[in-house]
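Undergrad:
Protein chains: 2
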Amino acid sequence: MSSMHALAPSAEYPITDRNRLKRRHDRGSYDRCSVHAILDAAMLCHVAYVIDGQPFCTPTLFWREGDMLYWHGSSASRMLRHLKAGTPACLTVSHLDGLVLARSAFNHSANYRSAMCFGTARIVDDPEEKAAAMRAVVDRFYPGRSDALRPLTGQEAKATTFIGMEIEQASAKVRAKGVADDEEDYALPIWAGVVPVRTVLGEVEPCPRLIDGVAPPPELGLYRAGRSLDEGLTEAQHAYEEG
Amino acid sequence: MSSMHALAPSAEYPITDRNRLKRRHDRGSYDRCSVHAILDAAMLCHVAYVIDGQPFCTPTLFWREGDMLYWHGSSASRMLRHLKAGTPACLTVSHLDGLVLARSAFNHSANYRSAMCFGTARIVDDPEEKAAAMRAVVDRFYPGRSDALRPLTGQEAKATTFIGMEIEQASAKVRAKGVADDEEDYALPIWAGVVPVRTVLGEVEPCPRLIDGVAPPPELGLYRAGRSLDEGLTEAQHAYEEG
Chain A
1 MSSMHALAPS AEYPITDRNR LKRRHDRGSY DRCSVHAILD AAMLCHVAYV
51 IDGQPFCTPT LFWREGDMLY WHGSSASRML RHLKAGTPAC LTVSHLDGLV
101 LARSAFNHSA NYRSAMCFGT ARIVDDPEEK AAAMRAVVDR FYPGRSDALR
151 PLTGQEAKAT TFIGMEIEQA SAKVRAKGVA DDEEDYALPI WAGVVPVRTV
201 LGEVEPCPRL IDGVAPPPEL GLYRAGRSLD EGLTEAQHAY EEG
Chain B
1 MSSMHALAPS AEYPITDRNR LKRRHDRGSY DRCSVHAILD AAMLCHVAYV
51 IDGQPFCTPT LFWREGDMLY WHGSSASRML RHLKAGTPAC LTVSHLDGLV
101 LARSAFNHSA NYRSAMCFGT ARIVDDPEEK AAAMRAVVDR FYPGRSDALR
151 PLTGQEAKAT TFIGMEIEQA SAKVRAKGVA DDEEDYALPI WAGVVPVRTV
201 LGEVEPCPRL IDGVAPPPEL GLYRAGRSLD EGLTEAQHAY EEG
């Protein structure tokens, strides 16, 4: 784990014009751990890409393996057809953690964690990498589950396209604090405070057509009712990485 | 409210190559009500824009007035400097509503609501429109609150830039149902079901420096503990529209 090890990735992503934070430097960082923690707490990301000068912002499920990001969709989708040759993309994850009501309009804010990742998105066409992605898209979220499923058919494999992108640059941005008013405003008789926001899991709704006696699988324990989705996804990522 | 009224906006956004759904047509629509409902339930969006061929995907707070979308940031921000001349943008909102575990990898899915809006983003430089935005950025989320705040200073107004974009095309996409397995897979002894996901508000954390006797304002009632953020934001939008 020493950063002196020749093969260890450096602690920070390289900083270029693409990912350099242009404002609120106090909220930002470039280190891998911060970026990965924000990514691993999410299932949904937004990917920006360009077709003929027109930007598109597409929401999609994604997952991370080291510095690789993967997402998937039908080979018919607009984005994927255009990505075949490899195209610059920006994948962003954001978590809204709180509403911040201040004593002035200017100091109203939100608590959040976000990560922006830059790279070149490419279709995964290597058969081994694609087979691994077919398992990962299930097992990253539900560790061990792919072994228990009905095996993939050849037709399903053909109809599935995965996109892979190595993170070339990235940045993380976090606001996680209370009201930050101008010093003289604290004396005003105006209410200020934070409303926390949390994304939580509800009671599982089993499929009404379950075969009698089929018990909930162990991976469902990660997503028990009342837990944060964040926590469940982060724990699932760790379990997935440990194999 | 009749669609025969000459001045009423048509029920659907025009369909062009930009917003035409390329897959899962069964989940999509182009009607204003569906798109607006998804937007109005959110505070956070992701905006895609392009600088020198490089796509950026930026998370930001936003709000809607009719078919106009607004978001804001420091005039120093990368996005805004490049948007001054007006630039194509795509603003997307997504809500994750559930994890869908099926009997095959292929039928794993998520419940979600998303809206993609296309248009030309421009700096709001008309003084009246900017003054209105200064109030709206507070009042859309906290109806009536801007009147109770310490007034904006000239320096704050100068340091604030708003972006406006009229929605030229848009689409909505929704998955809101249970497991959809292949018919023959329902006979398999594999667990399947849905884990609902909800974004909820926590107990308010008042600023520790509140002046004695300052009571929580009425607009905070929209964001009471245990309520969905969705619901609070949707109700706030209605209150804001009713003035």
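Residue numbers (full-length UniProt numbering), protein chains in the order written: chain A, 1 to 243; chain B, 1 to 243.
Note that beta-carbon positions come from the ideal geometry of N, C-alpha and C, so glycine has one too.
Curious, which full-length beta strand (DSSP E) runs of at least 3 residues does the region 32-93 of chain A contain?
TA: Fully enclosed beta strand (DSSP E) runs of 3 or longer: 44-51, 54-65 and 68-74.
Undergrad: Can you tell me the Cα-Cα spacing of Ala76 of chain A and Gln169 of chain A, whole angstroms?
TA: Within the first sequence, numbered from 1, the residue matching residue 76 of chain A stands at position 76. Within the first sequence, numbered from 1, the residue matching residue 169 of chain A stands at position 169. Reliability fails at Ala76 of chain A, whose pLDDT of 46 lies under 50, so the model's placement of it is uncertain and no value is given.
Undergrad: Could you give the DSSP three-state label for Asp26 of chain B: helix, strand or coil?
TA: As a working note, residue 26 of chain B is residue 26 in the second sequence. Helix.
Undergrad: Got a sec: is the Cβ-Cβ distance from residue 247 of chain B to anything in chain A below 8 angstroms?
TA: For chain B, the structure presents residues 1 to 243; residue 247 of chain B sits outside this window and is missing.
Undergrad: Please confirm whether Ala131 of chain B has its beta-carbon closer than 8 angstroms to some beta-carbon of chain A.
TA: On the second sequence, position 131 is the one that residue 131 of chain B refers to. No, Ala131 of chain B does not count as interfacial toward chain A.
Undergrad: Please compile the residues from chain A whose C-beta is within a distance smaller than 8 angstroms of the C-beta of Arg140 of chain B.
TA: Start at 1 with the first residue of the second sequence, and residue 140 of chain B comes out as number 140. Those within 8 angstroms of Arg140 of chain B in chain A number zero; the least Cβ separation is about 11 angstroms.
Undergrad: Ala11 of chain B to Leu21 of chain B, Cα distance in whole Å?
TA: Taking the first residue of the second sequence as position 1, residue 11 of chain B is located at position 11. Taking the first residue of the second sequence as position 1, residue 21 of chain B is located at position 21. Using only the alpha carbons, I get a separation of about 18 angstroms.
Undergrad: With 8 angstroms as the limit, tell me which residues of the region 40-66 of chain A have their beta carbon closer than that to any beta carbon of chain B; keep them in chain order.
TA: Result list: Met43, Leu44, His46, Val47, Ala48, Tyr49, Val50, Gly53, Gln54, Pro55, Phe56, Cys57, Thr58, Pro59 and Leu61.
Undergrad: Straight-line CA distance for Arg27 of chain A to Cys57 of chain B?
TA: If you number the first sequence from 1, residue 27 of chain A lands on position 27. If you number the second sequence from 1, residue 57 of chain B lands on position 57. Straight-line Cα distance between these residues: approximately 18 angstroms.
Undergrad: Less than 8 angstroms between the beta carbons of Arg198 of chain A and Ser171 of chain A, yes or no?
TA: Walking along the first sequence from the start, residue 198 of chain A turns up at place 198. Walking along the first sequence from the start, residue 171 of chain A turns up at place 171. Cβ atoms of Arg198 of chain A and Ser171 of chain A: not closer than 8 angstroms.
Undergrad: If we call anything under 8 angstroms between Cβ atoms a contact, is Asp181 of chain A one with Arg103 of chain A?
TA: Residue 181 of chain A sits at position 181 when you count from the first residue of the first sequence. Residue 103 of chain A sits at position 103 when you count from the first residue of the first sequence. Contact flag set, yes.
Undergrad: Hey, quick one: how far does the alpha helix (DSSP H) through Ala159 of chain A stretch, first residue to last?
TA: Here residue 159 of chain A refers to the residue found at position 159 of the first sequence. Element bounds for Ala159 of chain A: Gly154 to Ala159.
Undergrad: Quick one: grab the DSSP three-state call for His5 of chain A.
TA: By one-based count along the first sequence, residue 5 of chain A stands at place 5. Here His5 of chain A scores only 42 on pLDDT, less than 50, and its place in the model is too uncertain to base an answer on.
Undergrad: Closest Cβ-Cβ distance between His238 of chain A and chain B: below 8 angstroms?
TA: By 1-based counting over the first sequence, the position of residue 238 of chain A is 238. Chain B, which has no Cβ nearer than 8 angstroms to the Cβ of His238 of chain A, makes this no.
Undergrad: What number of angstroms, rounded off, separates the C-alpha of Gly164 of chain B from the C-alpha of Glu129 of chain B?
TA: Within the second sequence, the letter at position 164 stands for residue 164 of chain B. Within the second sequence, the letter at position 129 stands for residue 129 of chain B. One C-alpha to the other measures close to 10 angstroms.
Undergrad: Roughly how many whole angstroms lie between the Cα atoms of Tyr223 of chain A and His238 of chain B?
TA: To locate residue 223 of chain A, count along the first sequence from 1; it is residue 223. To locate residue 238 of chain B, count along the second sequence from 1; it is residue 238. C-alpha separation (whole angstroms): 34 angstroms.
Undergrad: Within the 8 angstroms Cβ cut-off, does Ala89 of chain A reach chain B?
TA: The sequence position of residue 89 of chain A within the first sequence is 89, counting from 1. Answer yes: the Cβ-Cβ gap between Ala89 of chain A and chain B drops below 8 angstroms somewhere.
Undergrad: I need the DSSP call for Tyr186 of chain B, collapsed to helix, strand or coil.
TA: For this step, residue 186 of chain B is matched to residue 186 along the second sequence. Reduced to three states, the DSSP call for Tyr186 of chain B is helix.
Undergrad: If you pair each beta-carbon of the region 189-208 of chain B with each one of the region 138-157 of chain B, do three or more pairs fall below 8 angstroms?
TA: No contact exists between the region 189-208 of chain B and the region 138-157 of chain B.
Undergrad: Give the residues from the region 207-219 of chain B that approach chain A closer than 8 angstroms (Cβ to any Cβ), ordered along the chain.
TA: Those residues of the region 207-219 of chain B that come within reach of chain A (Cβ to Cβ, closer than 8 angstroms) are Cys207, Pro208, Arg209, Leu210, Ile211, Gly213, Val214, Ala215, Pro216 and Pro217.
Undergrad: Tell me the residue span of the beta strand (DSSP E) that contains Gly119 of chain A.
TA: The residue you call residue 119 of chain A lines up with position 119 of the first sequence. It spans Ser109 to Ile123 - the beta strand (DSSP E) in which Gly119 of chain A sits, taken as one unbroken run.
Undergrad: What are the boundary residues of the alpha helix (DSSP H) that Thr16 of chain B is part of?
TA: Stepping through the second sequence from its first residue, residue 16 of chain B is reached at position 16. Note, Thr16 of chain B: premise wrong, no alpha helix (DSSP H); not H, not E.
Undergrad: Decide if Lys173 of chain A is buried, meaning its Cβ has at least 16 other Cβ atoms within 10 Å, or exposed.
TA: Indexing the first sequence from 1 puts residue 173 of chain A at position 173. Lys173 of chain A should be labelled buried.
Undergrad: Please state whether the Cβ-Cβ distance between Val47 of chain B and Leu101 of chain B is less than 8 angstroms.
TA: Counting from one through the second sequence, the residue named residue 47 of chain B turns up at place 47. Counting from one through the second sequence, the residue named residue 101 of chain B turns up at place 101. No; because the gap between Cβ atoms is not below 8 angstroms, this pair is not in contact.
Undergrad: Among B:Glu241, B:Leu210 and B:Val200, which one has its Cα closest to the Cα of Glu183 of chain A?
TA: Sequence index remark: in the first sequence, residue 183 of chain A carries index 183 (1-based). It is B:Leu210 whose Cα lies nearest to the Cα of Glu183 of chain A.
Undergrad: For a cutoff of 8 angstroms on Cβ pairs, would you count Leu101 of chain A as touching chain B?
TA: Counting from one through the first sequence, the residue named residue 101 of chain A turns up at place 101. For Leu101 of chain A, the answer is yes, since a Cβ of chain B falls inside 8 angstroms of its Cβ.
Undergrad: To the nearest angstrom, how far is it from the Cα of Ala215 of chain B to the Cα of Glu241 of chain A?
TA: As a first step, residue 215 of chain B must be located in the second sequence, where it is residue number 215. As a first step, residue 241 of chain A must be located in the first sequence, where it is residue number 241. Near 49 angstroms, if we compare the C-alpha coordinates of Glu241 of chain A and Ala215 of chain B.
Undergrad: Can you list, in chain order, the residues of the region 166-186 of chain A whose Cβ is nearer than 7 angstroms to any Cβ on chain B?
TA: Correct list: Gly178, Val179, Asp185 and Tyr186.
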